[in-house]
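Undergrad: The numbers in full-length UniProt numbering rise by one with no breaks, and the one at position 73 of the sequence shown is 73.
By construction, the Cβ of each residue, glycine as well, lies at the ideal position given by its N, Cα and C atoms.
Computed from a predicted structure; not experimentally measured.
First the structure, which I've put down as structure tokens, then a few questions once you've had a look.
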Amino acid sequence: MNATASSLAPPQKILLATDLRSHGDRALDRAAQLALQWGVPLHVVHVQPCPGEDELAPLNQPSWRPGRTSPIVVERQIRRDLRQDVAALAIHVVDGDPAEAILDVAAQQACNLIVLGASEPSSPSALGRVTEQLLRKSPVSLLVVKSRPHGAYANVVVGTDFTDESRCGLTTAASWLPDARLTLMHVLDIPYTSLWLDAEHSTGLARMEMATMRSFLDSTPLAVEVRARVLPLIEHGHPEIVLRDHVVQEESDLVVISAFRRGLAFHLLVGGTSRRIVPAVPSDVLLVRAQP
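Below, the structure is given as structure tokens:
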């Protein structure tokens, strides 16, 4: 699969999904920052419970789901909470299931990046329901915001397994974030490595892995100056743990991972590694939707 110019260009429209709770202001600030950086319109969607649901809310809705609010009040709060002047701003207040409604608005408005704040699940190793549904179903890239933005993304980690899909993640990160420092990380999870690899064979494996990394980089369509600012890094361990530790140590502000829609393989990638990485790392996470 070759990355096309359209897939590499920054999003032409951004959709922010918000439930108006206090933690959502970080996602609002980041969505506004990216809209200004790329010079694109920002759409904001707030999903309300369907009419008539309020009376039974304690019985059939989770505790975090708010009741209905006047669309005028919703728009007033969003505009008040915006700390940046976004010229092309559109606000949508819709009814329905949150994930399905968000995807419907994204399709109707031709948005090619969905931004949402990190949910607050009962366990830090679990995903919120809406986030998980969007990870599985969204045909466009998804940005999960956890940290308060302090300018453009500057220190970015791109995960790779040396597939064409992960190549799309690297080229997209380089195109969308041209001024960021990029670390290209491959994490190899080999159980009981120390029990069957002596020092000599460990060195040989490290050389082979780095040669594969270099070959992957050489075959990736990047400008010479862009390739020069990509730091290749190979680690061993569980991907979500290694990424989490790297983000903390290096103060990375974004992790980029790729997903693709190809039957069972899509399910395995998003239902497995990505599903674990998103809640595990403390930084924002960009899931790049590679097209088959």
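For the 8 Å Cβ check, are there 3 or more pairs between the segment 154 to 165 and the segment 246 to 255?
TA: yes
Undergrad: Mind checking His186: buried by the 16 CB within 10 Å criterion, or exposed?
TA: By the neighbour-count criterion, in which 16 or more other beta carbons inside 10 Å mark a residue as buried, His186 falls on the buried side.
Undergrad: Tell me where the alpha helix (DSSP H) around Leu20 begins and ends.
TA: Taken as a continuous stretch (DSSP letters only), Leu20 belongs to no alpha helix (DSSP H), as it is neither H nor E.
Undergrad: Which residues in the same chain as Ala41 place their Cβ atom closer than 6 Å to its Cβ, once the five residues preceding and following it in sequence are excluded?
TA: Reading the sequence as shown, one finds Pro at residue 41 and not Ala. Lys13 and Ala88, listed in sequence order.
Undergrad: Quick check: the segment 129 to 145 against the segment 205 to 221, are at least 3 beta-carbon pairs closer than 8 Å?
TA: Contact between the segment 205 to 221 and the segment 129 to 145 is not established, with fewer than three Cβ pairs separated by less than 8 Å.
Undergrad: Opposite Asp95 in the DSSP bridges: which residues?
TA: Gln48
Undergrad: For Asp81, does the three-state DSSP call read helix, strand or coil?
TA: helix
Undergrad: Buried or exposed, going by whether 16 or more other CB atoms sit within 10 Å of the CB of Thr212?
TA: Result: exposed.
Undergrad: What separation, rounded to the nearest whole angstrom, lies between the Cα atoms of Ser138 and Leu233?
TA: Answer to the nearest angstrom: the Cα atoms are 30 Å apart.
Undergrad: Let me make sure I understand the geometry here. Which of His238, Leu82 and Thr69 has the alpha-carbon closest to that of Ala90?
TA: Checking every option, the nearest Cα to that of Ala90 belongs to Leu82.
Undergrad: Any idea if Gln48 is buried or exposed, counting beta-carbon neighbours within 10 angstroms, 16 or more meaning buried?
TA: buried
Undergrad: Looking at the unbroken alpha helix (DSSP H) that takes in His186, where does it start and where does it end?
TA: Unbroken run through His186 is the beta strand (DSSP E), Arg181 to Leu188; no alpha helix (DSSP H).
Undergrad: Below 8 Å between beta carbons: does that hold for Arg289 and Val144?
TA: no
Undergrad: With DSSP run on the structure shown, which of helix, strand or coil describes Gly169?
TA: helix
Undergrad: In this structure, how does DSSP classify Gly272 when only helix, strand and coil are distinguished?
TA: For Gly272, the predicted structure reports a pLDDT of 49, less than 50, and the residue's modelled location is therefore unreliable. A value from the coordinates is still provided. Three-state result, Gly272: helix.
Undergrad: Going by DSSP, name the residue or residues bridged to Leu231.
TA: Beta-bridge pairing links Leu231 to Thr183.
Undergrad: Among residues of its own chain, excluding the 5 on either side of Arg148, which ones have a beta-carbon nearer than 6 Å to its beta-carbon?
TA: Arg26
Undergrad: Measuring only the C-alpha atoms, how far is Ile72 from Gly169?
TA: 39 Å
Undergrad: Please say whether Val105 and Val94 have beta carbons closer to each other than 8 Å?
TA: yes
Undergrad: Let me know if Ala110 comes out buried or exposed under the rule of 16 or more other beta-carbons within 10 Å of its beta-carbon.
TA: exposed
Undergrad: Tell me whether Arg289 sits in a helix, a strand or coil according to DSSP, three-state version.
TA: strand
Undergrad: Considering only C-alpha positions, which residue in the set Ala259, His150, Glu225 and Val115 is nearest to Asp19?
TA: Val115
Undergrad: Determine the contact status of Leu16 and Leu28, defining contact as a CB-CB distance below 8 Å.
TA: Yes; because the gap between Cβ atoms is below 8 Å, this pair is in contact.
Undergrad: Report yes if the C-beta distance between Ile257 and Val285 is below 8 Å; otherwise report no.
TA: Yes.
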